[in-house]
Amino acid sequence: MKIVVIDPGHGGEDPGAIGKRIENGQEKIYKEADFTWDISRKLWGLLAKEYSVFLTRKERETKSLQERVLLTNRLSANLFLSVHINSASSRQARGYEAFCVKTPIKGYEKYYPYSQKFRDIIISELTKEFPNWVNRGGKEANFYVLKFTSCPSVLVELGFISNEKDLELLLKDEIRQKLALTLKRSIDNYFTLFRKR
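For the sequence shown, my numbering gives the first residue as 9, with consecutive numbering after it.
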């Protein structure tokens, strides 16, 4: 059974990005960590029958990036996916994007083409499921969790908590469920393509 690690971004003492909006005359604050947990937990439930699935943290748990990577590598995971919600100083920025590592460390270069393919599959599936949402594309960055995991790894940003329209989408449970289903299809498609990975 393939081992998949899902990393709900932030958590515990680290709320991640913060979104605000006025509801019933009061300012309501939303935390990235709550959205990443909910989507990741939904994804875990969808994957659990077909894969050996691990979450890098519990709901209110604080975990360092090093601890998340260490868990993934100890498990000898076949695939790693870090789930995040974006934020920007411009409230106009919105949409989804996905990253693979930019500069693999020595010995991990072999994972790069698989990470790249997994990233592209995620973008393709999100585009199919959300054709009217802004596609910011596949990118590369040297995020810690991408650089030091010893398996194909992707970090996905599912909308901007700082954008009113994206936040409105993320507040809908059916949208978060759709996002989890889309990520599940992406993982299925990846393993269909790379059965021996």
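Built from N, CA and C at the ideal position, the CB exists for glycine as well.
Among the options, which residue has its Cα nearest to the Cα of residue i?
{"i": "Lys6", "options": "Glu58, Ser194, Val77, His18", "result": "Nothing in the structure corresponds to residue 6, since the chain is present only between 9 and 205."}
{"i": "Ser132", "options": "Phe151, Leu187, Glu40", "result": "Leu187"}
{"i": "Asp42", "options": "Leu87, Lys192, Asn150, Ile93", "result": "Ile93"}
{"i": "Leu166", "options": "Ala106, Arg203, Gly19", "result": "Ala106"}
{"i": "Ile113", "options": "Phe138, Asn150, Leu134, Lys204", "result": "Asn150"}
{"i": "Leu179", "options": "Gly115, Asp15, Lys36", "result": "Lys36"}
{"i": "Glu172", "options": "Ala96, Arg65, Lys192, Ser90", "result": "Ala96"}
Looking at the strands, I want to know which residues DSSP matches up with residue i.
{"i": "Asp22", "result": "Gly19"}
{"i": "Leu63", "result": "Ile14"}
{"i": "Tyr122", "result": "In DSSP, Tyr122 forms no bridge with anything."}
Would you call residue i buried or exposed, if buried means 16 or more other Cβ atoms sit within 10 Å of its Cβ?
{"i": "Asn140", "result": "exposed"}
{"i": "Ile169", "result": "buried"}
{"i": "Thr70", "result": "exposed"}
{"i": "Arg184", "result": "buried"}
{"i": "Ala85", "result": "buried"}
{"i": "Ile130", "result": "buried"}
{"i": "Thr111", "result": "exposed"}
Task: Within the segment 141-194, ranges of the beta strand (DSSP E) (whole runs, at least 3 residues) - done: 143-148, 161-168
TODO: Examine the Cβ distances between the segment 157-172 and the segment 122-130 and report whether three or more of them are shorter than 8 Å.
DONE: yes
Open item on the list: When you compare the segment 92-106 with the segment 58-69, are there three or more beta-carbon pairs, one atom per stretch, that lie closer than 8 Å?
Closed with: no
- [ ] Can you check the segment 70-113 for any beta strand (DSSP E) of at least 3 residues that lies completely inside it and give the ranges in chain order?
- [x] 87-94, 104-108
Open item on the list: Contact between the segment 72-83 and the segment 36-50 is defined here as three or more beta-carbon pairs at a separation below 8 Å; is this criterion met?
Closed with: no
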